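The structure under discussion appears below in the form of structure tokens.
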Amino acid sequence: DVKVTQSSRYLVKRTGEKVFLECVQDMDHENMFWYRQDPGLGLRLIYFSYDVKMKEKGDIPEGYSVSREKKERFSLILESASTNQTSMYLCASSSPAGSSETQYFGPGTRLLVL
Amino acid sequence: GENVEQHPSTLSVQEGDSAVIKCTYSDSASNYFPWYKQELGKRPQLIIDIRSNVGEKKDQRIAVTLNKTAKHFSLHITETQPEDSAVYFCAASKGGSYIPTFGRGTSLIVHP
Numbered sequence: 001d002v003k004v005t006q007s008s009r010y011l012v013k014r015t016g017e018k019v020f021l022e023c024v025q026d027m028d029h030e031n032m033f034w035y036r037q038d039p040g041l042g043l044r045l046i047y048f049s050y051d052v053k054m055k056e057k058g059d060i061p062e063g064y065s066v067s068r069e070k071k072e073r074f075s076l077i078l079e080s081a082s083t084n085q086t087s088m089y090l091c092a093s094s095s096p097a098g099s100s101e102t103q104y105f106g107p108g109t110r111l112l113v114l
Numbered sequence: 001g002e003n004v005e006q007h008p009s010t011l012s013v014q015e016g017d018s019a020v021i022k023c024t025y026s027d028s029a030s031n032y033f034p035w036y037k038q039e040l041g042k043r044p045q046l047i048i049d050i051r052s053n054v055g056e057k058k059d060q061r062i063a064v065t066l067n068k069t070a071k072h073f074s075l076h077i078t079e080t081q082p083e084d085s086a087v088y089f090c091a092a093s094k095g096g097s098y099i100p101t102f103g104r105g106t107s108l109i110v111h112p
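Chains as they are written, first to last, in our numbering: chain A, 1 to 114; chain B, 1 to 112.
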């Protein structure tokens, strides 16, 4: 059973702080993703990674960066948090092996920036 | 890039009724169409998917239909139950990209 975990369920930060959100998957998946979920806007892709040290911008990368130093771990970094980054952040992983394109999501981190 | 539109944004039904959620996509190269269910406070989970070489797929009370010509696909839930209440997301992706574009979600409410 695929397990995707995120470092925090809830996080409160101040404007201007540097914020790290971490995601770990235990299924040796090559692909990892960071999404932002806001009411009425669905799931919007921030960044994704096909492999270690690889990263690609998604639809809304501004204000974010990522790091993937190990295959199982994908970190989302807010260099200087702003109030408009208050949101639910979801990590996901998938594997190109076989024909499955299923995304496995983490439980989410609800971030509040004051 | 791909654009996926999903309707309705909210759907309220009585227990036992059927529910239909519709999505349209813009990129004719898209060939994989998953549906995810997100219960309140939980993570999205895949409930059913369909590929472009198939017109319909069924799994117990849920089914998905695909019309490639019109570029739309739909989720059908029959005999709805209160536990079907959730937000449902459709998505579309091109084969090999593994990067889905999601619709904005439909909040389904099933009244007992």
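Glycine included, every Cβ here is placed at the ideal spot set by N, Cα and C. All of these numbers come straight from a predicted model, not from anything done at the bench.
Report the rounded CA-to-CA distance for Tyr36 (chain B) versus Tyr25 (chain B), giving the unit in angstroms.
Those two C-alpha atoms are separated by around 16 Å.
Applying a beta-carbon distance threshold of less than 8 Å, which residues of chain B neighbour Glu101 (chain A)?
Going along chain B in sequence order, the residues near Glu101 (chain A) (Cβ under 8 Å) are Tyr32, Pro34, Asp49, Ser93, Tyr98 and Pro100.
Just to check my reading of the structure: Lys53 (chain A) and Arg68 (chain A) have Cβ atoms closer than 8 Å, yes? What is that Cβ distance to the nearest angstrom?
Between Arg68 (chain A) and Lys53 (chain A) the Cβ distance is about 6 Å, and since that is below 8 Å, they are a contact.
Which chain B residues sit within Cβ distance under 7 Å of Ser94 (chain A)?
Ordered by position in chain B, the residues that pass the 7 Å Cβ test against Ser94 (chain A) are Tyr98.
Could you tell me whether the region 89–109 of chain A touches the region 24–37 of chain A, where touching means 3 or more Cβ pairs closer than 8 Å?
Yes, the region 89–109 of chain A is in contact with the region 24–37 of chain A.
Between Phe73 (chain B) and chain A, is the shortest Cβ-Cβ distance under 8 Å, so that the two count as touching?
Cβ-Cβ to chain A under 8 Å: no for Phe73 (chain B).
If you count every other CB in all the chains shown that lies within 10 Å of the CB of Arg104 (chain B), and 16 or more means buried, which is it?
When all chains shown are included, Arg104 (chain B) counts as buried.
Quick one, are the C-beta atoms of Ser113 (chain B) and Lys22 (chain B) less than 8 Å apart?
Coverage of chain B is limited to positions 1 through 112, which leaves residue 113 (chain B) absent and any answer about it impossible.
Against Ser9 (chain B), what residues of chain A qualify as contacts under a CB-to-CB distance less than 9 Å, listed in chain order?
Result: Gly40.
Based on Cα-Cα distance, which residue from A:Ser80, A:His29 and A:Gly63 lies nearest to Lys115 (chain A)?
Here chain A covers residues 1 to 114 and nothing more, so residue 115 (chain A) does not appear.
Using a Cβ-Cβ cut-off of less than 9 Å, list which residues of the region 59–77 of chain A approach chain B; keep chain order.
Against chain B - using a Cβ distance shorter than 9 Å - the residues of the region 59–77 of chain A are Asp59.
Measure the C-alpha to C-alpha separation of Val4 (chain B) and Lys94 (chain B) and round it to an integer number of angstroms.
If I take the Cα positions, the gap works out to 13 Å.
Tell me Glu22 (chain A)'s beta-bridge partners as DSSP assigns them.
Answer is A:Ser75, bridged to Glu22 (chain A).
Using the beta-carbon of each residue, which ones in chain A are nearer than 8 Å to Leu46 (chain B)?
Neighbours of Leu46 (chain B) on chain A, chain order: Thr102 and Gln103.
Leu43 (chain A) touches chain B at which residues, Cβ-Cβ below 7 Å?
In chain order: Phe89 and Phe102.
Going by the CB atoms, is the gap between Leu111 (chain A) and Lys13 (chain A) shorter than 8 Å?
Yes.
Nearest chain A C-beta to Arg61 (chain B) closer than 8 Å, yes or no?
Taking Cβ atoms only, chain A never reaches closer than 8 Å to Arg61 (chain B), which makes this a no.
Considering only the alpha carbon of each residue, which of B:Ser97, B:Ile109, B:Thr65 and B:Asn67 lies closest to Gln81 (chain B)?
Looking at the Cα atoms, B:Ile109 is the closest of the given residues.
By the criterion of Cβ-Cβ separation under 7 Å, what are the contact partners of Gly113 (chain B) in chain A?
With chain B covering 1 to 112 only, the question about residue 113 (chain B) has no answer from this structure.
Return no unless some Cβ of chain B is closer than 8 Å to the Cβ of Phe20 (chain A).
No, Phe20 (chain A) lies away from the interface with chain B (no Cβ there is under 8 Å from its Cβ).
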